[in-house]
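Worksheet for the structure shown next.
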Amino acid sequence: MVASVVKETLGDLNKDSFVTLLTKLIGESKYVQNNPPDLIPEEDRIVRHVREALLPHSTATGGGPLILNHVTYKPNRGNLIVEYPGTEPAKILSFVGMHMDVVTANPSEWDFDPFLMSIDGDKLRGRGTTDCLGHVALVTELMKKLGQTKPKLKSSVVAVFIASEENSSIPGVGVDALVKDGLLDKLKNGPLFWIDTADKQPCIGTGGMIPWKLHVTGKLFHSGLAHKAINPFELAMEALKEIQTRFYKDFPPHSKEQVYGFATPSTMKPTQWTYPGGGINQIPADCTISGDVRLTPFYNVPDVIKKLKEYVEDLNKNIEKIATRGPVSKYVLPDENLRGRIEISFDEASSGVACNLESRGFHVLCEATKEAVGHVKPYSITGTLPLIRELQDEGFDVQTAGYGLMSTYHAKNEYCLLSDMCQGYKVFTGIIAQLEE
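UniProt numbering numbers the first residue of the sequence shown as 1 and each following residue consecutively.
Laid out in structure tokens, this is it:
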């Protein structure tokens, strides 16, 4: 089919149908909050509504060409793969990453009920409207329209609705398991559009994340006799300053960051501080500073972890040389044979991704965006999208986009705009049409 006919056949987003479906999905959002062990989502609640919308146009009922595959690895936690078959087996494109879990929401902190969709003009409000139930509903409407209108496409169009994106503490539930089982292998033959970002523009780069903890041991003593203590706070502050200085020297802004439009280079900073407690007149025995490294995808996560361990090892060997604070501040007590100690540990790290700017997928996404939105301005952030680097490493041409609002992503009073979702639908039909050329 020629591109113009494809676009004409698929038309515009059916707003009433979309809003009706999204209302049902947001009504389930309370039960798909993902924060184990307290909150384990039941993504099958979302699958049920999506299947209900698509079954009448599926091979399962004989009502249409859509092939539905409900894949479950943990009870009540399914994924749904939907395929609209094309005429040429080698040609395919896919929309993946529309996840059916959400981050938590505390109703007492919101101006409206997060778990019921409300409409305020163009705003569709509720937990998951932007991230990512809005996209679940949007891609469902696209697949439904394909099933209804049955355009004769060369390319198969596949949608993969996934479980368990917001929290990786329970593995083997979502896209990681689908990839491992080879269920997405055929998607390697064409562009894969990961639909879980925001602001309507192609997101071409994301950051890696390395959560770290710096545990510092000193010596507890009365604060009036500071010369008999090793102050872990002072040691932690000075050691961290030195670690950060070395980090920024070894991982400076990379030339490719400007090409990709990253808002910031790689960063390493503290975000939390804990200590065992005690009186104001006590220098405590130890403390822990935690934080993260956000790493642009032009550096390797293992290289950074190795360097951070080396910095700490060197500081421990040369603890006498670390700057002190005032005439009695010290990190070694020779008479007691005591030395302060710094230890670094890491939680699970993830790598960033730089999309291939030469690929067909990138070019069609840009062209479709320009046509639907009026302009195209790809961007990159050192926020982390889990899972997509692994897909890229497996050989998928991953491009990412989304039609919610970055300003309400994971935020209180989350909402998306119906007009943005309508443009998102136009981007999808533009992609399908171009890939027929």
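The beta-carbon is built from N, C-alpha and C at its ideal position, and this holds for glycine as well.
Quantities reported herein were computed from a predicted structural model and do not represent experimental measurements.
In whole angstroms, give me the CA-to-CA distance for residue i and residue j.
{"i": "V328", "j": "I344", "result": "26 Å"}
{"i": "V47", "j": "N318", "result": "58 Å"}
{"i": "V2", "j": "G430", "result": "12 Å"}
{"i": "L357", "j": "L124", "result": "33 Å"}
{"i": "S169", "j": "P36", "result": "7 Å"}
{"i": "R294", "j": "E257", "result": "13 Å"}
{"i": "R51", "j": "L116", "result": "21 Å"}
{"i": "M98", "j": "L22", "result": "13 Å"}
{"i": "P334", "j": "G340", "result": "11 Å"}
{"i": "C132", "j": "D120", "result": "19 Å"}
{"i": "L149", "j": "H57", "result": "The sequence as given places Thr at residue 149; Leu does not occur at that position. One C-alpha to the other measures close to 10 Å."}
{"i": "Y379", "j": "A198", "result": "11 Å"}
{"i": "F428", "j": "L54", "result": "18 Å"}
{"i": "E436", "j": "F161", "result": "24 Å"}
For residue i, count neighbouring C-beta atoms within 10 Å of its own C-beta (all shown protein chains included) and say buried if the count is 16 or more, exposed if not.
{"i": "P171", "result": "exposed"}
{"i": "V332", "result": "exposed"}
{"i": "V5", "result": "exposed"}
{"i": "L225", "result": "exposed"}
{"i": "G395", "result": "exposed"}
{"i": "S155", "result": "buried"}
{"i": "I283", "result": "buried"}
{"i": "D303", "result": "exposed"}
{"i": "I280", "result": "exposed"}
{"i": "A401", "result": "buried"}
{"i": "K377", "result": "exposed"}
{"i": "A90", "result": "exposed"}
{"i": "A239", "result": "buried"}
Looking at residue i: is its Cβ nearer than 8 Å to the Cβ of residue j?
{"i": "K412", "j": "E109", "result": "yes"}
{"i": "D403", "j": "D12", "result": "Note that residue 403 is Tyr in the sequence shown, not Asp. Contact flag unset, no."}
{"i": "S419", "j": "D181", "result": "no"}
{"i": "A229", "j": "I381", "result": "no"}
{"i": "I243", "j": "Y299", "result": "no"}
{"i": "I388", "j": "V353", "result": "yes"}
{"i": "V398", "j": "L405", "result": "no"}
Check whether chain D comes within 8 Å of residue i, counting only Cβ atoms and requiring the distance to be less than that.
{"i": "N69", "result": "The chain inventory of the structure shown lacks chain D, comprising one protein chain alone."}
From the options, pick the residue whose C-alpha is nearest to that of residue i; which is it?
{"i": "Y73", "options": "R51, P36 and A163", "result": "A163"}
{"i": "E83", "options": "S168, F193, V259 and P65", "result": "P65"}
{"i": "S17", "options": "F112, M143, Q201 and H70", "result": "M143"}
{"i": "I92", "options": "G190, K307, T369 and S351", "result": "G190"}
{"i": "C366", "options": "G63, G147 and Q201", "result": "Q201"}
{"i": "T20", "options": "T61, G134, G374 and G78", "result": "G134"}
Can you give me the start and stop residues for the beta strand (DSSP E) that residue i sits inside?
{"i": "F95", "result": "I92 to H99"}
{"i": "I162", "result": "S156 to I162"}
{"i": "T217", "result": "G208 to T217"}
{"i": "H70", "result": "I67 to T72"}
In terms of residue numbering, what span does the alpha helix (DSSP H) encompassing residue i cover?
{"i": "M143", "result": "L133 to T149"}
{"i": "V103", "result": "Element bounds for V103: n/a, residue is neither H nor E."}
{"i": "C422", "result": "L418 to Q434"}
{"i": "L25", "result": "K15 to I26"}
{"i": "P302", "result": "V301 to K317"}
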